[in-house]
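**Q** Protein chains in written order, with the numbering used here: chain D, 109 to 437; chain X, 109 to 437. Note that beta-carbon positions come from the ideal geometry of N, C-alpha and C, so glycine has one too.
1) What residue ranges within the stretch 224-253 of chain X form continuous alpha helix (DSSP H) runs of no fewer than 4 residues, ordered along the chain?
2) Just the C-alpha distance for residue 319 of chain X and residue 195 of chain X, rounded to the nearest angstrom, thanks.
3) Per DSSP, what kind of secondary structure is residue 118 of chain D in: helix, strand or coil?
4) How should residue 244 of chain D be labelled, buried or exposed, when 16 other C-beta atoms within 10 angstroms of its C-beta is the threshold for buried?
5) What are the boundary residues of the alpha helix (DSSP H) that includes residue 370 of chain X?
6) Indicate the three-state DSSP secondary structure (helix, strand or coil) for residue 306 of chain D in the structure shown.
7) How should residue 324 of chain D be labelled, buried or exposed, when 16 other C-beta atoms within 10 angstroms of its C-beta is the threshold for buried?
8) For residue 113 of chain X, return the contacting residues in chain D, with the cut-off set at a CB-CB distance below 8 Å.
9) By alpha-carbon positions, which one of D:339, D:426 and D:212 ends up nearest to residue 303 of chain D?
10) Skipping 5 residues on each side, what residues in its chain have a beta carbon closer than 8 Å to that of residue 292 of chain X?
11) Secondary structure at residue 429 of chain D, three-state DSSP: helix, strand or coil?
12) By DSSP's criteria, residue 166 of chain X is part of a beta bridge. Which residues make up the other side?
13) Taking 8 Å as the threshold (C-beta atoms), are residue 273 of chain X and residue 389 of chain X in contact?
14) Taking three-plus beta-carbon pairs below 8 Å as touching, is the stretch 274-283 of chain X in contact with the stretch 113-123 of chain D?
15) If the criterion is Cβ atoms closer than 8 Å, does the pair residue 377 of chain X and residue 221 of chain X meet it?
16) Using a threshold of 8 Å, state whether the C-beta atoms of residue 113 of chain D and residue 331 of chain D are closer than that.
17) Would you say residue 345 of chain X and residue 385 of chain X are within 8 Å of each other, going by their C-beta atoms?
18) Residues bridged to residue 180 of chain D by DSSP?
19) When you compare only the Cα positions, how much space is there between residue 167 of chain X and residue 177 of chain X?
20) Return the CA-CA distance between residue 287 of chain D and residue 129 of chain X, expressed in angstroms with no decimal places.
21) What is the rounded straight-line gap between the Cα of residue 142 of chain X and the Cα of residue 182 of chain D?
22) Residue 152 of chain X CB to nearest chain D CB: under 8 Å?
23) Any beta carbon from chain X within less than 8 Å of residue 110 of chain D's own beta carbon?
24) Starting from the beta carbon of residue 142 of chain X, find every residue of chain D whose beta carbon is closer than 7 Å, and list them in chain order.
25) With a threshold of 8 Å on Cβ separation, who are the neighbours of residue 322 of chain X within its own chain once the five nearest residues in sequence on each side are excluded?
26) Between D:290, D:349, D:372 and D:215, which lies nearest to residue 173 of chain D when the distance is taken from Cα to Cα?
27) Within this structure, are the beta carbons of residue 262 of chain X and residue 137 of chain X separated by less than 8 Å?
28) Report yes or no: do three or more beta-carbon pairs, one from the stretch 224-235 of chain D and one from the stretch 352-369 of chain D, lie closer than 8 Å?
29) Since residue 283 of chain D meets chain X, which of its residues come closer than 7 Å, beta carbon to beta carbon?
30) Answer yes or no: do residue 206 of chain X and residue 186 of chain X have a C-beta to C-beta separation smaller than 8 Å?
31) Tell me the DSSP secondary structure of residue 131 of chain X in three-state form.
32) Whole angstroms are fine: how far does the CA of residue 146 of chain X sit from the CA of residue 153 of chain X?
33) Establish whether the CB of residue 325 of chain D and some CB of chain X are separated by less than 8 Å.
34) What does the alpha-carbon distance come out to for the pair residue 204 of chain D and residue 193 of chain D?
35) How would you list, in chain order, the residues of chain D whose beta-carbon sits under 9 Å from the beta-carbon of residue 116 of chain X?
36) Would residue 264 of chain X pass as an interface residue toward chain D - the criterion being a Cβ-Cβ separation below 8 Å?
If you want it as structure tokens, here you go:
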């Protein structure tokens, strides 16, 4: 018998198929990169088209060699220049499309992934995110920063070279707003953080736990939308990612690397989307929120069904996914 | 300059790209069917695998020849048998996956589409929906019926033969719940139906209006998520689709046929998803809601971006889409 499970944060229902459960070997999805001849992110191409460099981490030993590099997106979907003006148009609301759209080039090495990068390299990526969060928080036009990584053509990725996108927006995006609403409803009822309760529950039950260390846990969420969905959460309550300290960031890098090594062992180098969800900024800050990372492997085709109904069909129970990932090594 | 537009019902923000606006000729997406040798929906194959027939409309002149046929899905994602029991599991909520999953075979003719079917044939399809809504409303386990049509492989469609899916669920799906929440918020503030206000506004402005008749309008919504998104709404306030009367259903069929003829003229036979959104049933009924049809052509690849952020990037302003569709003939 399959089950309907409710995501406690967003209230979204998911059909978890137990009878025809799919195991990792049932999925054969590759990253399927369409390779460009000249990678715009490889060292030596930095000055082409005059990308504006916003932040860089260089190596200690070899001077001038960058390890992580942040540039403005060449085709930004949001315009950095201008003021945020909210305009009524008849009964509708609109505003100028102001925001920041940046690319974080995560490594100088074209073929690295979060599974093959070192812990220090991953640490540098997250440290870079932190610096950009702090810088953009100063810009009072913005309410939110989002990090998105589309890995593989099937996940909307265009270029193989390891990179992620940063968006700073003058609105709180719907994905975050839904989680905030759920968080506040739960807090109003229980006077506790729902994410903290999830961390405690999953550490107690262990059946959906993939890995944990003193600062972070990686779990297969109870109402996973897709096979092998993973959520990485800080164990202690922290609303804003940018408050992360050095030691925690090392623990973060460890849990991310181990998660991706396990994913790659079980699923191969599969397409996935990664999102970093953190509290909005400044006066829109929500202290009850709990930042986290969502990883959504794209192993099945999302049909119109999920889109039109807002409920997902997941053929792999999260308990099975977690068991497979735990047993990967 | 591109714009951020807010969907007045759900509060979702959409980036409408004006500078690099894409015209119909910029899209080359075909339905791309993977044809099966033996279509399970074609006349003559009805008895194979003993599909349970739930409803049928037969032609007046030729006895025993069906025009629309409803059968149980052979691989239902919801189980029709059993009771709805809500179960707590630690801090989480789940229930047995109870529901109905039916297939409406819209025509005996394998190659017909909503653009090539006659008005009477389309009327029969909607009349069939109505009968199934009424029948399933009697089953007190269900709160909602949804109609979904996935046309073309790129829209999650599996079989070319014109058909749609019906789902009856013991929960109100998130897609409907979001619209209900927005509708009730607007009603609390304005004491008017937001959909009725949209109908009036679009009939007055005309720039996003595609076609209208005494009972229905087809518009390109102000905050269209995808190029050439279309919404078909009843002009008068009606919360529940199943209350549709014969004359309105004829007007409905006319507006649907004309919409799809225009779409096909401009975009070719492209992949799309169609959703029929109606109020939940019985004690979950929301009289402030306003039933409607959403048509989402799948001309662009939805990347992880929309998924992770909940905001969409649409390269075709709805005013341009509506103008093209108005001028199709």
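**A** Considering the structure as presented:
1) 227-245
2) 48 Å
3) Here residue 118 of chain D carries a coil assignment [DSSP, helix/strand/coil].
4) buried
5) 354-375
6) In the structure shown, residue 306 of chain D adopts helical secondary structure according to DSSP, grouped into three states.
7) buried
8) 200, 201 and 202
9) D:339
10) 394 and 396
11) helix
12) X:174
13) Here residue 389 of chain X is not near residue 273 of chain X, since their CB atoms are 8 Å or more apart.
14) yes
15) yes
16) yes
17) no
18) Its beta-bridge partners are D:210.
19) Rounded to the nearest angstrom, the two C-alpha atoms are 12 Å apart.
20) 32 Å
21) Roughly 37 Å separates the two Cα atoms.
22) no
23) So, interface residue.
24) Neighbours of residue 142 of chain X on chain D: none; closest Cβ ~12 Å, over 7 Å.
25) 343 and 359
26) D:215
27) yes
28) yes
29) 416, 417 and 418
30) yes
31) coil
32) Each residue's Cα considered, the two are about 9 Å apart.
33) no
34) 6 Å
35) 199, 200 and 201
36) yes
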